[in-house]
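> Starting off with a structure, shown below.
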DNA sequence: GCCAACGTTGGC
DNA sequence: GCCAACGTTGGC
C-alpha cells in the first residue's frame, strides 16, 4: 500500500465537498503538472491519501481518503468550457489523468501547516520543501502515521 | 495584494 | 538547446 498527499483549495473543492458527493466519491481532476500526474498514474486501488487544504486561512491536512479507481483520462482536458481545458491534448493519447478518490474521514481539527513544520520527524515532507508546488506528493509510512498521530492528538 | 519559487513557452 | 518572459502556486 502506498500513501499520498493531495492538495486542493477549499474554495474550489474542499473535503466537505468530497464528503457530499454520491458515495463520497469524486474524480481528482484538473491536475496539469506532469510530476503530479505521474504520481497519480502510480496510484493503486486501496492506496491511502491525505486531503490538504491550500490557499486558505488555515492551510493544512484536514482528513483522509482512499484511492478507489486507478488512473484514466481526465475528461476536463477535452471540455472547451472547463477552466482546465487543454486544446493540445491528443484524443488518442490523452495528456492528463485522474484517479477516483473516496472520502474516509474528516479530522476534528486541521493538522496545520505550522504544526507540520514544527514536527522534527516530518522535516522531510515534500510539501514542506521550499518552493514546493506539487499538488500530489508521495508519503512514506512513517510520515503517514506521524500525521495521523497529530490528527488524533489534537 | 505581495512576492518567492517554479514550470512552461517560444524566439533564437 | 539556451534562456528570458510569462503564468501559476501558495503562504503570508
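In my numbering, the protein residues as written are 122 to 275. Just so you know, even glycine gets a beta-carbon here, dropped at the ideal spot from N, CA and C. All figures in this text were calculated on a predicted structure; none of them were measured in a lab.
Just to confirm my understanding: we take residue 242, look at its own chain, exclude 5 residues before and 5 after, and list those with CB closer than 6 Å. What are they?
Once the five neighbours on either side are set aside, the close Cβ partners of residue 242 are 267.
> Inspect the beta-carbon positions of residue 172 and residue 161 and report whether they are closer than 8 Å.
It is not a contact, given that the beta carbons lie outside the stated cut-off.
> Mind pulling the alpha helix (DSSP H) runs of 4 or more residues that sit fully within the region 136-189?
For the region 136-189, whole alpha helix (DSSP H) runs of length 4 or above, ordered along the chain, are 136-141 and 155-163.
> What are the start and end residues of the alpha helix (DSSP H) that includes residue 238?
Start and end: 234-239.
> Under DSSP, the beta strand (DSSP E) around residue 131 begins and ends at which residues?
Note, residue 131: premise wrong, no beta strand (DSSP E); alpha helix (DSSP H) at 131-134.
> Give the range of the alpha helix (DSSP H) segment to which residue 269 is assigned.
262-274 is the span of the alpha helix (DSSP H), which, as asked, contains residue 269.
> Of all the options 142, 154, 170 and 132, which has the alpha carbon lying nearest to the alpha carbon of residue 253?
Of the listed residues, the one whose Cα sits closest to residue 253 is 154.
> Look at the alpha carbon of residue 213 and the alpha carbon of residue 199, and state the distance between them as a whole number of angstroms.
Those two C-alpha atoms are separated by around 12 Å.
> DSSP three-state call for residue 246: helix, strand or coil?
Residue 246: coil per DSSP, three-state reduction.
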